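Q:
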Amino acid sequence: MIRVEHLTKQFGDLHVLRDVNAEIQKGEVISIIGPSGTGKSTFLRCINLLDPPTSGHIYIDDEDILAPKTNVPLLRRKMGMVFQNFNLFEHLTVLENLTIGPVKLLNRDKAQATERGRELLKMVGLSEKENAFPSELSGGQKQRVAIARCLSMDPEIILFDEPTSALDPTMVSEVLGVIRRLTKEGMTMAIVTHEMKFAHDVSTRIFFMDEGIIYEEGTPDQIFNHAKREKTRAFINRIRSFSFHIGFAGYDLYALNAQVQTFCEKHIFSQQRTDNVLHLIEECLQLAFFTASEDIALMTQRNQAVVDADGINLELDYSENNDTVEIVFSSNSALGSITGGDDADLISLAIIRGLTTSMEESVDEGRVKLTLRMK
Ligand code: ADP
Ligand code: MG
């Protein structure tokens, strides 16, 4: 039904969409997720020509909508759009909001449009509000009217741009309920949303957008449980990260600890967990630099190895969804002493083992990575 090829969109120097390729089939429900500012709204606005694309192709029912001879108003009528801020006509009643489009643009007669309008109001649970003005409605009710108004134009597809993000939490579910119902009726929809559970439950496919492209796409199970790419996983699991660069043995331990502590507090770690994180990092760095040793030669040698490797990067990742902490050390080569130290390191190593549930070494783009997981 919709095919997008090599779509790009620039605002001045800002390349918002770099190369978007996508297909949406009739009857599909696509959820578009991703961090803010990655062009999700822009993508929807390009599809229904509210924003002219910079380059690329968009086909609707195999018709190239960017071709000069295209009947844009007609094509746009095939697509309904529901915005975050409802955009109702404030000076018209609820029912008039639903009849004005069909009467003025589709040349329906008033009685017919009114009948259909009432049907739609019933469907979204707002029959009793037909004579109310938008200002008399709650946000959730306004959004349901906006959806009904959109349906009054008999669209072939509805594009939703964060339909629930302007709502009080208590009103989110009444709007999602209406969208759920539309999915059951086979409506084709593309929904930009931050409601992950909803996206998981109703979508036939999920597009994860980042870096101006559809960074990963798949079924809800693929995206939520088996994402192939790290950024997708981080987004899905709400992984919050903190990183710190350690150049040599004389690194500022107090500054590091203070920052780790702030990170832990921000994510409401227990005191025990915070202490464990701090302890674990300290033991690992001790192994990397051998700072507790009296063996000056070995200490110098390790310190030099770290300096030669441009230091060690420390990353602390906290997954809100799984409630787990990962500590990742990475370096151009100087991590061997953390896992493979000699006898003098055995105590530190035992402490590290005791504080972690797993320890894994890998090589990623030429960098040595050591990942420690904690509960
Ligand atoms: P998202 O919906 O994923 O949060 P948007 O599509 O709204 O992202 O915006 C993507 C980027 O494009 C943002 O950096 C935003 O500031 C910029 N942008 C959006 N619309 C315009 C515009 N009309 N003019 C200039 N920049 C814009
Ligand atoms: Mg947006």
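Going by our numbering, the first residue of the sequence shown is number 217, and it counts up by one from there. Think of the CB as a built atom: it goes at the ideal place given N, C-alpha and C, for glycine as much as any other residue. For clarity, every value in this text was computed on a predicted model and none was experimentally measured.
#1: CA-CA distance, Gln328 and Phe376?
#2: Leaving out five residues on either side along the sequence, give the residues of the same chain with a beta carbon under 8 Å from the beta carbon of Glu411.
#3: Round the Cβ separation of Ile249 and Ala415 to the nearest angstrom and send it over; I've been treating them as touching at under 8 Å.
#4: Going along the chain, which residues of its own chain have a beta-carbon closer than 8 Å to the beta-carbon of Phe305, five neighbours each way excluded?
#5: Using the three-state DSSP reduction, which class does Met403 fall into: helix, strand or coil?
#6: Taking the DSSP output, what are the residues bridged to Ala238?
#7: For the segment 428 to 448 and the segment 500 to 515, state whether three or more C-beta atom pairs, one from each stretch, are separated by less than 8 Å.
#8: Tell me whether Asp377, by its Cβ, gets closer than 8 Å to a heavy atom of ligand 2.
#9: Taking Lys256 and Met425 to be in contact with their CB atoms under 8 Å, please state how far apart those CB atoms are, rounded to whole angstroms.
#10: How long is the line joining the alpha carbons of Ser459 and Phe545, rounded to whole angstroms?
#11: DSSP three-state call for Thr507: helix, strand or coil?
#12: Anything with a beta carbon under 5 Å from a heavy atom of ligand 1 counts; list them all in chain order.
#13: Classify Thr315 as helix, strand or coil using the three-state DSSP reduction.
#14: Under the three-state reduction of DSSP, which class applies to Arg421: helix, strand or coil?
#15: When the Cα atoms are used, what is the spatial distance from Asn492 to Ser252?
#16: So what does DSSP say about Asp539, is it helix, strand or coil?
#17: Please confirm whether any heavy atom of ligand 2 lies closer than 8 Å to the CB of Val408.
#18: Consult DSSP for Gly272 and reduce its assignment to one of helix, strand or coil.
#19: If we call anything under 9 Å between Cβ atoms a contact, is Leu321 one with Arg293?
#20: What are the residues that DSSP puts in a beta bridge with Phe458?
#21: Should Ile484 go down as buried or exposed, given a rule of 16 or more other Cβ atoms within 10 Å for buried?
#22: Indicate whether Val220 and His273 have their beta-carbon atoms separated by less than 9 Å.
#23: Here's a check: name, in chain order, each residue in its chain whose Cβ is nearer than 6 Å to the Cβ of Ile373, leaving out the five neighbours to either side.
#24: As a quick exercise: from Asp417, Lys413 and Ala406, pick the residue whose alpha carbon is nearest that of Phe423.
#25: Is it the case that the Cβ atoms of Asn537 and Arg454 are separated by a distance below 9 Å?
#26: Nearest-angstrom Cα distance between Arg397 and Val541?
#27: Extract the residue ranges of the beta strand (DSSP E) inside the segment 271 to 353, only unbroken runs of 3 or more that lie entirely within it.
#28: Quick one: what's got a C-beta closer than 6 Å to Asp533's C-beta in the same chain, skipping five residues either side?
#29: State the DSSP-derived secondary structure class of Asp491, mapped to helix, strand or coil.
A: With the structure as the only source:
#1: 27 Å
#2: Thr380, Val388 and Leu392
#3: 6 Å
#4: Glu312, Asn313, Ile316 and Pro350
#5: coil
#6: Val220
#7: no
#8: yes
#9: 5 Å
#10: 10 Å
#11: coil
#12: Phe227, Val232, Ser252, Gly253, Thr254, Gly255, Lys256, Ser257 and Thr258
#13: helix
#14: strand
#15: 33 Å
#16: coil
#17: yes
#18: strand
#19: yes
#20: Leu532
#21: exposed
#22: yes
#23: Met295 and Thr404
#24: Ala406
#25: yes
#26: 38 Å
#27: 271 to 276 and 295 to 298
#28: Ile455, Ser457 and Glu542
#29: helix
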